[in-house]
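*Asks:* Here it is: the structure, laid out below.
Residue numbers (our numbering): 101 to 268.
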């Protein structure tokens with residue numbers, strides 16, 4: 101069975117899920133690690149120091165996600181997206197202005213929680229909510245946003261960082 105009719109008939113919802121998983125990249129380790137050397141140098145952190153800070157921020161975001169993630173069951177997807185997208189934007193902007201290691205930890209927490217955590221969680225929960233008979237197909241299409249992010253965003257970031265620096 102061709103996926104084209106399904107894509108055509110559900111383009112709006114699938115595109116929304118795709119974009120959520122694509123932009124979850126800003127909170128994914130593969131993306132944050134592109135700046136790891138610059139972050140360590142800027143804050144005077146060793147590999148172990150940065151790893152510990154990253155681990156603590158990640159664990160804190162995971163613990164928070166277990167509570168915050170329930171909002172997708174209580175509120176509309178539109179409302180959830182209108183909350184998490186600006187908070188991810190705050191996290192990305194915060195990375196550009198952070199000057200203290202505590203602020204860095206809070207920034208990584210925001211990126212991990214609202215990027216890697218809530219964007220992906222919301223996309224997959226939406227697909228589960230909206231599609232019953234073709235849930236697997238919807239999730240597999242939306243997951244392509246992760247693949248696109250891994251393929252395109254590092255190259256775009258490295259190019260931009262080469263022009264304007266890692267903080268932009």
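Each residue gets a CB set at the ideal place from its N, CA and C atoms; glycine is no exception.
If you draw a straight line from the alpha carbon of residue 202 to that of residue 191, how long is it in whole angstroms?
*Replies:* Spanning the two alpha carbons is a distance of roughly 14 Å.
*Asks:* Decide if the region 219 to 226 is in contact with the region 109 to 127; the criterion is three or more beta carbon pairs, one per stretch, under 8 Å apart.
*Replies:* Yes: at least three Cβ pairs fall under 8 Å.
*Asks:* Report buried or exposed for residue 197, applying the criterion of at least 16 other Cβ atoms within 10 angstroms of its Cβ.
*Replies:* Flag for residue 197 reads exposed.
*Asks:* Near residue 234, which residues of its chain fall below 6 Å by C-beta distance, leaving aside the five closest residues on each side in sequence?
*Replies:* Hits under 6 Å: none found.
*Asks:* For residue 132 and residue 150, which I take to be in contact (beta-carbon distance under 8 Å), what is that distance rounded to the nearest angstrom?
*Replies:* Actually they do not touch by this definition, with Cβ atoms about 10 Å apart.
*Asks:* According to the Cβ coordinates, are residue 262 and residue 188 closer than 9 Å?
*Replies:* Not a contact, by the Cβ cut-off of 9 Å.
*Asks:* Alpha carbons only, please: which of 153, 102 and 122 is nearest the one belonging to residue 207?
*Replies:* Cα-wise, what sits closest to residue 207 is 153.
*Asks:* Helix or strand or just coil, what does DSSP make of residue 143?
*Replies:* It is helical.
*Asks:* Please list, in chain order, all residues of the same chain as residue 244 whose beta carbon is under 8 Å from its beta carbon, the five residues on each side excluded.
*Replies:* Excluding positions up to five away in sequence, the list reads 118 and 121.
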